[in-house]
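Colleague: In the order they appear, the protein sequences are chains A and B.
So for the first sequence, this note's numbering puts the first residue at -19; every next one is plus one.
So for the second sequence, this note's numbering puts the first residue at 26; every next one is plus one.
Note that beta-carbon positions come from the ideal geometry of N, C-alpha and C, so glycine has one too.
In this text the structure is predicted, and so the values were computed from the model without any measurement.
Here you go, one structure.
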Amino acid sequence: MGRIATFFTLLVVSVLALTLPVQSQRLVSKLSAIEISINSTFSGESLTLFGNVEAPIGANGRSVSGPFDIIIVIQGPSTRRVVREKTPQLGVWLNSEEVIFADVPAYYHVLATSPLNKITDEDTLRKEGIGLVYQANPPQYENQSEEERVRNKGFAGELVRLMREAEMFGLSERRISFLSETFYNANLTLPANVPNGTYLAKTYLFSNGQILDQKAERFVVRTTGAERFIGNAARDYPLAYGLASVLIALFTGWLGAVAFRR
Amino acid sequence: MNVYLPIAELSVNLFFMIGIGGAVGFLSGLFGVGGGFLLTPLLIFTGIPAPVAVASVTGTVVAASTSGAQSYIRRGGIDFHLATYLVLSGIIGAFFGVATFSALRNAGQLDLVISVGYLVFLGSIGGLLLYEAIGSLVRRAKGNERPHKLPGQHNWVHGLPMRVRFKRSNLYVSVLPVLAIGLVIGFLGSLLGIGGGFILVPALVYILRVPGNMVIGTSLIQVLCIMAATTVLHAVNSQSVDIVLAFSLMVGGVVGAQFGASAGQRLRGDQLRALLGLIVLAVALRFAYSLFVTPLDPFSTAILGLGEA
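See below:
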């Protein structure tokens, strides 16, 4: 009797599974903080990114089947950057060549469960813009000679290298780990000098090289307290800021002379 | 303890910065110079961006020269009439200096000009100081010390038109060289982040023949006013004055200068000048190194503004 019931249950489930539209696994993701404050003692901030792979809506837990791969891209505000090269001119090393990149993220870090080329193919990565090389797009213009194209490409490579050395670009291919079959967790320490702005954390769920789902969360990095006040004052009220700086200097100097008067 | 510099946008160790300020303050007290020409390079060598270093040091020099000027004000060792001419032309010079600073920064050549500027000025001043001091030390060792005498009372400068009488300094000279000196010091000071005292003092002594009891005080007042104006100009023009950085440096500097001044009384003048010459030359050589030796990394990157996306 029990055996027959089990058989019919399985039959019904498989028929249902075949008739329902194919729905893939869903991703539920979360960040440990939505605002990161830079204050006077700021020396880097640790951010935890975690989430779970859920069954499609309407299916039971059994339909979650791995193995999965996760890629998380953390991207800062877009900036215009220049890359300069020093060359010897009459024996003196000076900046003589430069290439301007119109759209470079101020911060960019890729976290993954395993090496990117093991998770998916190059085409998917390029299409989604996942990877450091896609963050430094050399300028394209009409009548660009082959020589210029090669040069600009070289500068793009140098930009990625410089940004990596400054810890503003990064690739951590085994930083995400699955704590259970479906629950993943990753840690990222933002360096002390991350620029202010709105950041985007994009999480991709991969299985067998295919994107099953993706989620995006925003978080904000901003200076707070006195540092924010000083930074804003310098930008918004430069004249008052300059005069205040001079007054502080005059007072400090005067105080020093009075305190040490012999 | 780390402190975040809001304009330089990086974290530095507070005690390290106060320490640098203190060490340079000690030297400036010891030698009676402003210290900007040592402070700016030290900051650049420790990784502070050159524009922020130059602009912030101007604020620090204001504090140092205010501190130094106090005793001269009390003793009446300042020719305010002469200082007015120097300051007015100096502010015009500073105006051009800050404009040049911004233009060079945008063109990506600011670091080069700062390096060349320091190399030329520190190299020549350091060399002169050392040469003069060694000569004096050698003569003393030989036992035939020459009495220090100022070169003749008049030179070609005193033949120029538009003469003005400066009572305090007992001078009757043309205002043209006075204005020219102020202009040059203001320009160089704002461009290189130096007070310019180490150029101004010799210029006042050897070109204008300002008497010894007026030179230092008048020079300090000029440096104070020009650097105050430059700080405001940099704040308005390039927003690169980091008051947190400047304040840490000036606290160290004001205290260090007091100890330097008392230490200076135990050393003889020519020994002091030889020592100062060596330090100035060392900084100049460091700049020469960055100009002439193949850089470890010829590539550099800088942010221009917000992106298009």
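(1) Label residue 45 of chain A either buried or exposed according to how many other C-beta atoms from any shown protein chain fall within 10 Å of its C-beta, with 16 as the threshold for buried.
(2) Strictly under 7 Å for the Cβ-Cβ distance: is residue 240 of chain A near chain B by that measure?
(3) How would you call residue 318 of chain B, buried or exposed, if buried means at least 16 neighbouring beta carbons within 10 angstroms?
(4) Quick one: list the residues of chain B neighbouring residue 228 of chain A, beta-carbon separation under 7 Å, in chain order.
(5) Using 8 Å as the threshold, is the segment 236 to 243 of chain B in touch with the segment 133 to 142 of chain B, meaning 3 or more CB pairs across them?
(6) Excluding the 5 residues flanking residue 36 of chain B on each side, which residues of the same chain have their C-beta closer than 8 Å to its C-beta?
(7) Please check the pair residue 209 of chain A and residue 13 of chain A, which I expect to be a contact at CB under 8 Å, by giving their CB distance rounded to whole angstroms.
(8) Secondary structure at residue 163 of chain A, three-state DSSP: helix, strand or coil?
(9) Looking at residue 64 of chain B and residue 16 of chain B, is the spacing between their C-beta atoms short of 7 Å?
(10) Please compile the residues from chain B whose C-beta is within a distance smaller than 9 Å of the C-beta of residue 210 of chain A.
(11) Decide if the segment 24 to 34 of chain A is in contact with the segment 164 to 173 of chain A; the criterion is three or more beta carbon pairs, one per stretch, under 8 Å apart.
(12) I need the DSSP call for residue 68 of chain A, collapsed to helix, strand or coil.
(13) Using the three-state DSSP reduction, which class does residue -1 of chain A fall into: helix, strand or coil?
(14) Applying the criterion that 16 or more other CB atoms from any shown protein chain within 10 Å of the CB defines a buried residue, is residue 9 of chain A buried or exposed?
(15) Taking the alpha-carbon positions, what's the residue 238 of chain A to residue 49 of chain B distance?
(16) Taking the straight line between their C-alpha atoms, what separation do you get for residue 159 of chain A and residue 91 of chain A?
(17) So residue 293 of chain B is in the alpha helix (DSSP H); what residue range does that whole segment cover?
(18) Report the partner residues of residue 283 of chain B according to the DSSP bridge assignment.
(19) Express the C-alpha separation of residue 278 of chain B and residue 103 of chain A in angstroms, rounding to a whole number.
(20) In this structure, does DSSP put residue 34 of chain B in helix, strand or coil?
(21) Could you please tell me which residues of the segment 35 to 65 of chain B, in chain order, have their CB closer than 8 Å to any CB of chain A?
(22) Does any C-beta atom of chain B lie closer than 7 Å to the C-beta of residue 2 of chain A?
(23) Does any C-beta atom of chain A lie closer than 7 Å to the C-beta of residue 321 of chain B?
(24) Identify every run of the alpha helix (DSSP H) within the segment 86 to 130 of chain A, keeping only runs that are complete inside it and at least 4 residues long; order them along the chain.
(25) Just the Cα atoms here: how many angstroms apart are residue 114 of chain B and residue 205 of chain B?
(26) Could you confirm whether any beta carbon from chain B is found closer than 7 Å to the beta carbon of residue 106 of chain A?
(27) If you count every other CB in all the chains shown that lies within 10 Å of the CB of residue 254 of chain B, and 16 or more means buried, which is it?
(28) Should residue 149 of chain B go down as buried or exposed, given a rule of 16 or more other Cβ atoms within 10 Å for buried?
(29) Just the C-alpha distance for residue 55 of chain A and residue 240 of chain B, rounded to the nearest angstrom, thanks.
(30) Just to confirm, are residue 256 of chain B and residue 83 of chain B a CB contact at a threshold of 7 Å?
(31) From the DSSP output, which residues share a beta bridge with residue 15 of chain A?
(32) Can you tell me which residues form a DSSP beta bridge with residue 184 of chain A?
(33) Should residue 173 of chain A be flagged as near chain B, meaning a C-beta pair shorter than 7 Å?
(34) Comparing the C-beta of residue 318 of chain A with each C-beta of chain B, is any distance below 7 Å?
(35) In the DSSP assignment, find the unbroken beta strand (DSSP E) run with residue 33 of chain A in it and report its ends.
(36) Considering only C-alpha positions, which residue in the set A:63, A:6, A:110 and A:57 is nearest to residue 86 of chain A?
Modeller: With the given structure in hand:
(1) As a first step, residue 45 of chain A must be located in the first sequence, where it is residue number 65. Residue 45 of chain A comes out exposed.
(2) Here the question's residue 240 of chain A lines up with position 260 in the first sequence. Closer than 7 Å to some Cβ of chain B, the Cβ of residue 240 of chain A qualifies, so yes.
(3) Taking the second sequence and counting its residues from 1, one reaches residue 318 of chain B at position 293. By the 10 Å Cβ count, residue 318 of chain B comes out exposed.
(4) Start at 1 with the first residue of the first sequence, and residue 228 of chain A comes out as number 248. Neighbours of residue 228 of chain A on chain B, chain order: 268 and 272.
(5) no
(6) Reading the second sequence from its first residue, position 11 is the one you call residue 36 of chain B. Hits under 8 Å: 27, 28, 29 and 30.
(7) Working through the first sequence from its first residue, we reach residue 209 of chain A at position 229. Working through the first sequence from its first residue, we reach residue 13 of chain A at position 33. About 22 Å separates the two Cβ atoms, so there is no contact after all.
(8) Walking along the first sequence from the start, residue 163 of chain A turns up at place 183. Looking at residue 163 of chain A - three-state DSSP - the assignment turns out to be strand.
(9) Missing from the structure shown is residue 16 of chain B; chain B here goes from 26 to 334 and no further.
(10) As a working note, residue 210 of chain A is residue 230 in the first sequence. Within chain B, the residues near residue 210 of chain A are 31, 32, 267, 268 and 269.
(11) yes
(12) For the purposes of this step, residue 68 of chain A is taken as the residue at position 88 of the first sequence. Note: residue 68 of chain A maps to strand in three-state DSSP.
(13) Stepping through the first sequence from its first residue, residue -1 of chain A is reached at position 19. With a pLDDT of only 46 at residue -1 of chain A, under 50, the local geometry of the prediction cannot be trusted, and no value is derived from it.
(14) The residue given as residue 9 of chain A occupies position 29 in the first sequence. So residue 9 of chain A counts as buried.
(15) As a first step, residue 238 of chain A is located in the first sequence; it is residue number 258 there, counting from the start. As a first step, residue 49 of chain B is located in the second sequence; it is residue number 24 there, counting from the start. Taking the straight line joining both Cα atoms gives about 20 Å.
(16) Here residue 159 of chain A is taken as the residue at index 179 of the first sequence, counted from 1. Here residue 91 of chain A is taken as the residue at index 111 of the first sequence, counted from 1. Residue 159 of chain A and residue 91 of chain A: Cα-Cα distance of roughly 16 Å.
(17) Along the second sequence, read from residue 1 onward, the residue named residue 293 of chain B stands at position 268. Unbroken run through residue 293 of chain B: none, as it is neither H nor E.
(18) Counting from one through the second sequence, the residue named residue 283 of chain B turns up at place 258. Note: residue 283 of chain B sits in no beta bridge, so no partner.
(19) Residue mapping note: residue 103 of chain A aligns to position 123 of the first sequence, counting from 1. Residue mapping note: residue 278 of chain B aligns to position 253 of the second sequence, counting from 1. Using only the alpha carbons, I get a separation of about 59 Å.
(20) Working through the second sequence from its first residue, we reach residue 34 of chain B at position 9. Coil at residue 34 of chain B, not helix or strand.
(21) 35 and 36
(22) Translated into positions along the first sequence, residue 2 of chain A becomes position 22. Residue placement at residue 2 of chain A cannot be trusted, given a pLDDT of 47 that sits under 50; what the coordinates show is reported in the next sentence. It does not: the Cβ of residue 2 of chain A has no partner Cβ on chain B nearer than 7 Å.
(23) In the second sequence, counting from the first residue as 1, residue 321 of chain B sits at position 296. No, its Cβ sits nowhere closer than 7 Å to a Cβ of chain A.
(24) 96 to 99 and 102 to 108
(25) Sequence index remark: in the second sequence, residue 114 of chain B carries index 89 (1-based). Sequence index remark: in the second sequence, residue 205 of chain B carries index 180 (1-based). Cα-Cα distance, rounded: 7 Å.
(26) As a working note, residue 106 of chain A is residue 126 in the first sequence. No, no contact with chain B.
(27) Taking the first residue of the second sequence as 1, we reach residue 254 of chain B at position 229. Classification for residue 254 of chain B: buried.
(28) By one-based count along the second sequence, residue 149 of chain B stands at place 124. Residue 149 of chain B comes out exposed.
(29) As a first step, residue 55 of chain A is located in the first sequence; it is residue number 75 there, counting from the start. As a first step, residue 240 of chain B is located in the second sequence; it is residue number 215 there, counting from the start. When rounded, the distance between both Cα atoms is 57 Å.
(30) Counting from 1 along the second sequence, the entry for residue 256 of chain B is found at position 231. Counting from 1 along the second sequence, the entry for residue 83 of chain B is found at position 58. Contact flag set, yes.
(31) Here residue 15 of chain A corresponds to residue number 35 of the first sequence, with the count starting at 1. DSSP output for residue 15 of chain A lists A:200 as bridge partner(s).
(32) If you number the first sequence from 1, residue 184 of chain A lands on position 204. Answer is A:51 and A:194.
(33) For the purposes of this step, residue 173 of chain A is taken as residue 193 along the first sequence, with counting starting at 1. Closer than 7 Å: yes.
(34) Any property of residue 318 of chain A remains undetermined from this structure, which presents chain A solely from -19 to 242.
(35) Locating residue 33 of chain A in the first sequence gives position 53, where the first residue counts as 1. 25 to 34 is the extent of the beta strand (DSSP E) around residue 33 of chain A.
(36) Within the first sequence, numbered from 1, the residue matching residue 86 of chain A stands at position 106. Nearest of A:63, A:6, A:110 and A:57 to residue 86 of chain A, Cα basis: A:57.
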